[in-house]
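Novice:
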Amino acid sequence: MTGLAITGILLFAILVVAHLMPYSPTEMSFTAVLKPPSWEHIFGTDSFGRDVFTRVLYGARISLLISVCGVALAMSIGTAIGMTAAYFGRLYDLVAMRFMDLLFSFPSFVLALFLMVILGFGVVNVMFAIALVYMPLFARLAHNMTLVVREEPYVQAARATGQPSIRLLLREILPNIAAPLMVQASIGVAFGIIIEAGLSFLGLGVQPPTPSLGVIMADGQEYFRRAPWVLTMSGLAVCFALLGLNLLGDGLRDLVDPRLRQRAE
Amino acid sequence: MNEERSVATISRRTLVKGAAAGSAACLVPWSKMAWAAQDCSTLRAGIAGYSVVNVLDPAKASLIPEFYVIWALFNCLLKFNEKMELVGDLAESWEHTSPTLWRFKLRDGVTFHDGAPMTAEDVKFTLDRVRAKDGDSPHKDKFASISDIRVVDPLTVEIEMAEPFAPLLSYLANARTGSQIVPKHLLDGGDERSFADRPVGTGAYKFVSHQPNVEIVLEGHSGYFVPDQPFIPNVTMPLIPEEASGVTALLGGAIDLTSTAPFADVPNLMQNPKVKVLRSPGLNTRFIALNHQTAPFDDVHFRRALSMAFDREAMVQIVLFGEGTAANGLIPAALSWAHEPKRRPLMSFDPERAKAELEKSKYGPGTEAVVLTWGAGWWKRFAELFAAQVNETLGTRLRVEVSEANTVYSRLRAKDYQASIWGWLGLIDPDEYTYEILHTDGWRNFHGYSNKDVDALLERARGEMDQARRGEIYKQAESLMAEDAPVICCFESHVHNLMTPEVNGFVQLPYSAFGGQLAAVTSC
Amino acid sequence: MKTLRYFIGRLLIAVTMMVIGALAVFLVMKAAPGDPALAALGEQATPDAIAAFRAEHGLDAPLIEQFVSWLRDMIGGDFGRSLTIAGGESISKLIAGRLPNTIFVGLYAVLFATAISLVIGSVAALRRGKLSDTLATSVAAVGVSMPDFWLGYVLILLFALTLGWLPSYGFTSPFESLSGALVTGLLPALAISAPMAAVFARTLRTSLLENAQRDYVTVARSFGFSERFVFRHYVFRNSIIPYIVIIGLQIRYLLGGVVVVERVFGVPGVGSLMVDAAFARDYPVVQACTIVFLAIVLSVNLTVDVTCAALDPKRTQ
Chain A
1 MTGLAITGIL
11 LFAILVVAHL
21 MPYSPTEMSF
31 TAVLKPPSWE
41 HIFGTDSFGR
51 DVFTRVLYGA
61 RISLLISVCG
71 VALAMSIGTA
81 IGMTAAYFGR
91 LYDLVAMRFM
101 DLLFSFPSFV
111 LALFLMVILG
121 FGVVNVMFAI
131 ALVYMPLFAR
141 LAHNMTLVVR
151 EEPYVQAARA
161 TGQPSIRLLL
171 REILPNIAAP
181 LMVQASIGVA
191 FGIIIEAGLS
201 FLGLGVQPPT
211 PSLGVIMADG
221 QEYFRRAPWV
231 LTMSGLAVCF
241 ALLGLNLLGD
251 GLRDLVDPRL
261 RQRAE
Chain B
1 MNEERSVATI
11 SRRTLVKGAA
21 AGSAACLVPW
31 SKMAWAAQDC
41 STLRAGIAGY
51 SVVNVLDPAK
61 ASLIPEFYVI
71 WALFNCLLKF
81 NEKMELVGDL
91 AESWEHTSPT
101 LWRFKLRDGV
111 TFHDGAPMTA
121 EDVKFTLDRV
131 RAKDGDSPHK
141 DKFASISDIR
151 VVDPLTVEIE
161 MAEPFAPLLS
171 YLANARTGSQ
181 IVPKHLLDGG
191 DERSFADRPV
201 GTGAYKFVSH
211 QPNVEIVLEG
221 HSGYFVPDQP
231 FIPNVTMPLI
241 PEEASGVTAL
251 LGGAIDLTST
261 APFADVPNLM
271 QNPKVKVLRS
281 PGLNTRFIAL
291 NHQTAPFDDV
301 HFRRALSMAF
311 DREAMVQIVL
321 FGEGTAANGL
331 IPAALSWAHE
341 PKRRPLMSFD
351 PERAKAELEK
361 SKYGPGTEAV
371 VLTWGAGWWK
381 RFAELFAAQV
391 NETLGTRLRV
401 EVSEANTVYS
411 RLRAKDYQAS
421 IWGWLGLIDP
431 DEYTYEILHT
441 DGWRNFHGYS
451 NKDVDALLER
461 ARGEMDQARR
471 GEIYKQAESL
481 MAEDAPVICC
491 FESHVHNLMT
501 PEVNGFVQLP
511 YSAFGGQLAA
521 VTSC
Chain C
1 MKTLRYFIGR
11 LLIAVTMMVI
21 GALAVFLVMK
31 AAPGDPALAA
41 LGEQATPDAI
51 AAFRAEHGLD
61 APLIEQFVSW
71 LRDMIGGDFG
81 RSLTIAGGES
91 ISKLIAGRLP
101 NTIFVGLYAV
111 LFATAISLVI
121 GSVAALRRGK
131 LSDTLATSVA
141 AVGVSMPDFW
151 LGYVLILLFA
161 LTLGWLPSYG
171 FTSPFESLSG
181 ALVTGLLPAL
191 AISAPMAAVF
201 ARTLRTSLLE
211 NAQRDYVTVA
221 RSFGFSERFV
231 FRHYVFRNSI
241 IPYIVIIGLQ
251 IRYLLGGVVV
261 VERVFGVPGV
271 GSLMVDAAFA
281 RDYPVVQACT
291 IVFLAIVLSV
301 NLTVDVTCAA
311 LDPKRTQ
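Residue numbers (our numbering), protein chains in the order written: chain A, 1 to 265; chain B, 1 to 524; chain C, 1 to 317.
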């Protein structure tokens, strides 16, 4: 499917092609400042004379890394909270889910921003910010689905045979709720990239000299009229990455959703 | 590529929303008229890059945009012209009757916005208020050497100094020193808070309204003492947080004039027939602040090495896109009488000498340090370029840490930093550039720098009333300072104003006296 | 009675959440480095002035005391005054000035998004598997993949600077001039609506497809009703519910997530207020905004839940 193809191309580019590039993402060249796209520099150069294409490749790597890690963190903690809350119920359920709802009620960007303001900037902190933003979503999802799966006969059976709760959760329930979580994860990664881009755009984000897509965009925005290729190309790269991830997520969802799958064709 | 697709998608959407498109088309000619200036009765002067205006009381104000507005609302005794020469504003003439005594003759017929006449009582009240030891004006130290202010007659004021103080006239000029003349009859025992919200001055424009973080509206003062001014009866000053948005606003016709322009756009805009660009060397200084109380900046050899390890010209080209000049000290070129034109070797790019200095230092290649910066624009590029060049020349491992302006400033003041980019904008007297930054007691001395010889020279300069001699003392002081490299002087940026071609009469000052220049604008 | 208890229960929980939210925000802001005194007074601030500022605003009192006194004022209806970004201006005035703008642009964007997604979603569902479906889904996918501020820049470049049809910056309040607001709000609303439209379209498509295969629809078809009739009367009506839920979910985004777009276009919205206040350590403003955000989001959630329950076809059966 297209999603897989695009994501595949993207991964190939950032993992393999990046290393084949003759330029380094941080190497400055004062004679080649703000050059428009050409055969030498496919995406042109930025204000320090760095090759934009190389920076975009490395930047995509960092952005993806941040987003994936952030979402992975969100998924692990969120799912854990959601599952246990739904399984054990009562007060823990009430408090935990309400807390998740509270987090969820904040606009994601503002939440991420707050975290950056306290923790300071940098790759790890952006990861934490993204994790905080997505945790409630996974918690909610896991919670709702666990509620359903909990009543399934095989779960009841496992309980009856005295399986310890943790094992039960991990072996019986988790595999059955994993699919929609993965779909959400792929979408989450896509939006995580946008959050990172937005944060870096406002000047909080990863530290130099690490490039990230957001940082390149923020840079390009400053001299947008003079050298539009930096913002445009990095923006396009973001779109491309997101497109791939979204289509992948769509494809996964189509695969996974039994209701749609049944009557297809 | 994607733009074309967006266009295709958007035009398809427009077709689909037929009715909406139809009404939008009806609104277009209407809207173009609605927000385009009509007959130029209102000058839309955008303040770009700032959005916070808290107080408009000159004695209490300290933020740059506050002064942009204050300059339109108030006058001082003196003001600067575009060559940084002092001319009379509210004072018709002044004389130096003794080394410690100044006598100012005020203009007759000046009125405040509420109609009351401005007299020497108001001048005395204003200055006493700013310099009050128990007051909380951020500018009080500038007037600390005034011992007494006397009203001789309603149009004559005498200012007595405790000792000769050369910078006084600069501080009495219409800059950011808070000496704008305020009405005694409103503030003496009156409500300061409401004055700060609804100020009353003698300036060409009077305050109408302020929508916080959005815009400030002014209207002309019919009793303004300069005949025919202000030419344009109304002024709105939209507060535009992003500099780049200021440019789009101007190009799109939403404003007529901006207070500044992003460096990146200036060369392009100069080619653009729809925009008039004013640019000139500015009064500011940008440097790398160093903390002498921590490693590795406690070693003078290391600091000297840094000062020669990077190319200031290249920095101006890359960080400012050419819109500036390499620094030769803290005092900028626009203060020509105190500025040393011959390039100082310690502030030139000399990799060999830099490496030699590094040898003498107790820190060698591989030294790590953190340079603080903030934002996503040129401040960040400034730090990155500095670190990259120095690392390349000396083999050090300087690292840039991006934070936000507020945090960086707190850390600077608390001396909780190693190095940081920093700078000062709009200072108008060499005393501010040197004494306040380099003297052991200077309040802008966040570096822990202390050199007795430099201190002595700066104190002498303060008392030297002859400008030429004073200038020489400053040049000497800066030469001494260069040896110590307490901060790494980098560059001075130009000041810019953008306007539509119809705007005439705007004169640009090196410290961008924005609001004060609006009265002379004849058309828009 | 049961509904009333449910309602009151939800209300209590909502209020508790708002207080906890405000407390969390308060603690977070205090934990951040940086001093509001410096933000307010600028570079020239003398140590005396800073001390005076802190004393005047009670910034050195113990944290709990500060929070409790703020809470007390809040309950009394006093939102307090801005500390650093608007020099003592009443916060309720600040928010009251900005909220209508945010709501206006938000509604505008939802309107666009709904219109666009109705077309795209329906086309995609009706012609599933055909070229128009793929095209429509691709458009939707691209739309959701664009950072809204980037799209904003592109729109400005195109419509404001190149074609000159629309203003490039600034926003007229709808209270000042409705036509002005419609014109100045068009581009920001478009920029915001693109990702939303994509999400809406996908949801609509999925839910239309789902419903088209439901049993009662098959039954209706077997009665000989035309495809179009079936579509309009059965499938479409029942697909509205998830739609409403989705729109409800977008509220958080519309309130606070559009900060960068607001900055790019100069729309004075509540999101930018909160962000600017956070940067300037203006605690009262941030807390007040939090309360407002949470209040709106929670009440919208409640409304959505109630509406869905009311519209739920299962109930009427």
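C-beta: ideal position from N, C-alpha, C; glycine also.
Could you spell out where the beta strand (DSSP E) holding B:H96 opens and where it closes?
Specialist: Taken as a continuous stretch (DSSP letters only), the beta strand (DSSP E) holding B:H96 covers 91–98.
Novice: Which residues in the same chain have their Cβ closer than 8 angstroms to the Cβ of A:L15, if we skip the five residues on either side of it in sequence?
Specialist: These residues qualify, in order along the chain: R61.
Novice: Against chain A, which members of the segment 402–427 of chain B pass a CB distance test of less than 9 angstroms?
Specialist: Listed in sequence order: V402, S403, E404, T407.
Novice: Using a beta-carbon distance cut-off of less than 9 angstroms, what residues from the segment 263–281 of chain C approach chain B?
Specialist: The residues in question are R263, V264, F265, G266, P268, S272, L273, D276, F279, A280, R281.
Novice: I'd like the list of long-range same chain contacts for C:I13, defined as Cβ closer than 6 angstroms, with 5 residues on each side in sequence excluded.
Specialist: Once the five neighbours on either side are set aside, C:I13 has no close Cβ partner at all.
Novice: Considering only the beta carbon of each residue, do B:S420 and B:L372 sit closer than 7 angstroms?
Specialist: In this structure, B:L372 lies closer than 7 angstroms to B:S420 by Cβ.
Novice: Assuming the contact rule is C-beta atoms closer than 8 angstroms, B:S145 and B:A162 should be a hit. Round their C-beta distance to whole Å, please.
Specialist: About 5 angstroms; that satisfies the 8 angstroms criterion.
Novice: Looking only at its own chain, which residues have a Cβ that is under 8 angstroms from the Cβ of C:E227, when we skip the five neighbours before and after it?
Specialist: The residues are R221.
Novice: Quick one: list the residues of chain C neighbouring A:V189, beta-carbon separation under 8 angstroms, in chain order.
Specialist: Ordered by position in chain C, no residue passes the 8 angstroms Cβ test against A:V189, which lies about 12 angstroms from the chain.
Novice: Counting only runs that start and end within the segment 63–150 of chain A, where is the alpha helix (DSSP H) found for 4 or more residues in a row?
Specialist: Listed in chain order, they are 90–105, 108–119, 123–150.
Novice: Under the rule that 16 or more other beta-carbon atoms within 10 Å means buried, what is C:Q318, buried or exposed?
Specialist: Not covered by the structure: residue 318 of chain C. The range shown for chain C is 1 to 317.
Novice: Do A:L141 and A:Q184 have their C-beta atoms closer together than 7 angstroms?
Specialist: A contact, by the Cβ cut-off of 7 angstroms.
Novice: Could you check whether the Cβ of A:P180 sits closer than 7 angstroms to any Cβ belonging to chain C?
Specialist: For A:P180, the answer is no, since every Cβ of chain C falls outside 7 angstroms of its Cβ.
Novice: Would you check if the distance between the CB atom of B:T111 and the CB atom of B:P117 is smaller than 7 angstroms?
Specialist: Yes. Within cutoff.
Novice: Answer yes or no: does any C-beta atom of chain C fall closer than 7 angstroms to that of B:L63?
Specialist: Closer than 7 angstroms to some Cβ of chain C, the Cβ of B:L63 qualifies, so yes.
Novice: Which of the three DSSP states, helix, strand or coil, is assigned to B:E215?
Specialist: Looking at B:E215 - three-state DSSP - the assignment turns out to be strand.
Novice: Can you pull the chain A neighbours of C:M17, defined as C-beta to C-beta under 8 angstroms?
Specialist: Going along chain A in sequence order, the residues near C:M17 (Cβ under 8 angstroms) are R98, D101, L102, S105.
Novice: What residues are listed by DSSP as bridge partners for B:K276?
Specialist: According to DSSP, which records beta bridges pairwise, B:K276 is partnered with B:M499.
Novice: So, is B:T440 buried or exposed, given that buried needs 16 or more other C-beta atoms within 10 angstroms?
Specialist: Exposed: under 16 other Cβ atoms inside 10 Å.
Novice: Hey, does C:A136 have any beta-carbon neighbour from chain B nearer than 7 angstroms?
Specialist: So, not an interface residue.
Novice: Give a yes or no on whether the C-beta atoms belonging to C:G143 and C:A191 are separated by under 7 angstroms.
Specialist: No.
Novice: Is the CB-CB distance between B:E82 and B:L509 below 7 angstroms?
Specialist: For B:E82 and B:L509, yes; Cβs fall inside 7 angstroms.
Novice: Taking all protein chains shown into account, decide if A:Q221 is buried (16 or more other Cβ within 10 angstroms of its Cβ) or exposed.
Specialist: Its Cβ being crowded by 16 or more others within 10 Å, A:Q221 is buried.
Novice: Return the chain-ordered list of same chain residues with a C-beta closer than 6 angstroms to the C-beta of C:S299, the five sequence neighbours on each side being excluded.
Specialist: Excluding sequence neighbours, C:S299 sits near nothing in its chain.
Novice: Tell me the start and end of each unbroken beta strand (DSSP E) in the segment 302–331 of chain B that is at least 3 residues and wholly inside, in chain order.
Specialist: Here the runs fully enclosed are 324–326.
Novice: Hey, quick one: how far does the beta strand (DSSP E) through B:L290 stretch, first residue to last?
Specialist: 284–290 is the span of the beta strand (DSSP E), which, as asked, contains B:L290.
Novice: Could you tell me whether any non-hydrogen atom of the ligand FMN is closer than 6 angstroms to the CB of B:S280?
Specialist: The model on display carries no ligand, and the ligand FMN is accordingly not part of it.
Novice: Give the C-beta separation of B:A196 and B:V130 to the nearest angstrom, bearing in mind that I take them to be a contact with Cβ-Cβ under 8 angstroms.
Specialist: Wrong, their Cβ atoms sit about 14 angstroms apart, outside the cutoff.
Novice: To which residues of the same chain is B:D57 closer than 8 angstroms at the C-beta, ignoring the five residues directly before and after it?
Specialist: For B:D57, where only same-chain residues beyond five positions count, the Cβ hits under 8 angstroms are V182, E192, F195, A196, P199.
Novice: Going by the DSSP bridge assignment, what does B:P238 pair with across the sheet?
Specialist: DSSP, once it has assigned bridges, lists B:E215 as partnering B:P238.
Novice: Please name the residue in B:V235, B:P238, B:P241, B:I331 whose C-alpha comes closest to that of B:P281.
Specialist: Of B:V235, B:P238, B:P241, B:I331, the residue nearest in Cα terms is B:I331.
Novice: Look at the Cβ atom of A:L91, then the Cβ atom of A:S186, and state whether they are nearer than 7 angstroms.
Specialist: It is not a contact, given that the beta carbons lie outside the stated cut-off.
Novice: Beta-carbon within less than 7 angstroms of B:M534's beta-carbon, same chain only, minus the 5 sequence neighbours each way: which residues are those?
Specialist: Any answer about residue 534 of chain B is impossible in this case: the structure gives chain B only from 1 up to 524.
Novice: Going along the segment 112–138 of chain B in order, which residues come within less than 7 angstroms of chain C, judged by CB to CB distance?
Specialist: Cβ contacts with chain C: D136, P138.
Novice: Across the segment 76–93 of chain B and the segment 53–69 of chain C, are there enough close Cβ pairs to call them in contact, namely three or more that are closer than 8 angstroms?
Specialist: The answer is no - the segment 53–69 of chain C does not touch the segment 76–93 of chain B, with fewer than three Cβ pairs under 8 angstroms.
Novice: Along the beta strand (DSSP E) that carries B:S336, what are the first and last residues, could you check?
Specialist: Run containing B:S336: none; DSSP gives neither H nor E here.
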